[in-house]
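Remarks on the structure that follows.
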Amino acid sequence: MEYLLDSADVNSIKEAVELYTLHGITTNPTLISRENKNYKKLFLELKAVLKGKDFHIQVTEVTFDGIIEEAKLIKKLVGDSVYIKIPVTDDGFKAIKYLSKNNFLITATAICNVNQAVMAALCGAKYLAVYINRITKNGGDGPEVIRAIKKIFIDNNIKTKILGASFKSISQLNISILNGCDAVTINPEMFKKMLFSEITKKSVGKFTEDFESVYGVNTTGRNLIK
Ligand code: G3P
C-alpha cells in the first residue's frame, strides 16, 4: 500500500516527508498552476524535497507528438525516475504505448471507467490514476470502479498499480482502499485529516495527566525508570 500527496505545494510536501512514510507525490497542470511560479524551477524544487521518492508529473500537451516531446523534456529536466502522467485520450493511449516501450515510467491518468484502466495497463502504464470522486459526482460509483478494475486485474494477472485519486471524503478513501487500490494520492488537507483522531488525542492527554498527577513534571525530560 502506497500513500502519495496530490500536491505541488513545497511546504506541505516537506512536512509530509518529515512526518510520515510518503511514497511520493502526484501533480497535474491545475495543481502546478495554483503555485503560480516558474514551473521548471518548481519541478526541481519538488524533486529536491522528495529526496528520491516518486514524482508524477502530468503533461500539458494533448497531441501524440506534443506529449512525446514534452515527456522527453520533463525527463531531461527531472531525471529518468520521473513518472510521466498521461490522460487516457486516444492520443494518450498512443503516447503511453510509445513511451513505455522507450523506457519511460508512465502513469495513465484521468481514468473514469474500467475499460480505460485495462487498456492503459495493456499499453504499458505502471500506475493508473482513477478519478474516484469525479466518477461519483458524475453519476457513477468511483469505489465500485476500483473493485471492478481490481477483479479484472486479478483474473488476468495484470500487475499494473491502481492509484486512487480525486477523493471527497475519508470514507470514500477507505472504501477505495478496501476495494483494491494499490496506492492512493490525497490532497494535503485530507492527508492530515485521515491520520488524526480525537480519541488518540484525548488518550494521550489522559496518559500524561495520570502520570503527572503522581510523579510530577520534569520540564527538561523525564527519567522514567528510576
Ligand atoms: O490528480 C487528480 C486529482 O487532483 C483530481 O482531484 O479533487 O480535483 O477531482 P479532484
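Residues 16 to 241, numbered by our numbering, are exactly what the sequence shown covers, in order.
Cβ atoms here follow ideal geometry from the backbone N, Cα and C, with glycine treated the same way.
None of the values given here were measured: they were computed from a predicted structure.
Let's test the definition: count the other Cβ atoms within 10 Å of the Cβ of residue i and tell me whether it reaches 16, buried, or not, exposed.
i, result
"G67", "exposed"
"T215", "exposed"
"K221", "exposed"
"I169", "exposed"
Using 7 Å as the cut-off, classify the Cβ of residue i as near or not near the heavy atoms of the ligand G3P, replying yes or no.
i, result
"Y146", "yes"
"V118", "Note that residue 118 corresponds to Asn in the displayed sequence, not to Val. Not under cutoff, so the answer is no."
"G180", "Reading off the sequence, residue 180 comes out as Ala, not Gly. Flag set: Cβ of A180 near the ligand G3P."
"N14", "Since the first residue shown for the chain is 16 and the last is 241, residue 14 is missing from the structure and cannot be characterised."
"R149", "yes"
"L13", "Here the chain has residues from 16 to 241 only, and residue 13 is not among them."
"D69", "no"
"D156", "no"
Between which two residues does the alpha helix (DSSP H) harbouring residue i extend?
i, result
"F211", "Taken as a continuous stretch (DSSP letters only), F211 belongs to no alpha helix (DSSP H), as it is neither H nor E."
"V25", "25-34"
"A140", "Looking at the DSSP string, A140 is not in any alpha helix (DSSP H), and its letter there is neither H nor E."
Assuming residue i contacts residue j (C-beta within less than 8 Å), just tell me the rounded distance between them.
i, j, result
"V103", "F70", "That belief does not hold up - the Cβ atoms of V103 and F70 are roughly 20 Å apart, past 8 Å."
"L61", "I89", "Their Cβ separation, rounded to whole angstroms, is 12 Å, which puts L61 and I89 out of contact at 8 Å."
"S181", "N153", "Their Cβ separation, rounded to whole angstroms, is 11 Å, which puts S181 and N153 out of contact at 8 Å."
"T124", "A144", "4 Å"
"L20", "I28", "6 Å"
Over the uninterrupted beta strand (DSSP E) stretch that includes residue i, give me the two end residues.
i, result
"E76", "Where E76 is concerned, there is no enclosing beta strand (DSSP E), given that its DSSP letter is neither H nor E."
"I167", "Per DSSP, I167 belongs to no beta strand (DSSP E); it is in the alpha helix (DSSP H), 157-170."
"F175", "According to the sequence displayed, residue 175 carries Thr and not Phe. Taken as a continuous stretch (DSSP letters only), T175 belongs to no beta strand (DSSP E), as it is neither H nor E."
"A123", "120-126"
"V232", "Unbroken run through V232: none, as it is neither H nor E."
"D21", "17-21"
For a minimum of 4 consecutive residues, which ranges assigned as the alpha helix (DSSP H) are wholly contained in the region 36-117?
The qualifying runs are 44-50, 54-65, 79-93, 105-116.
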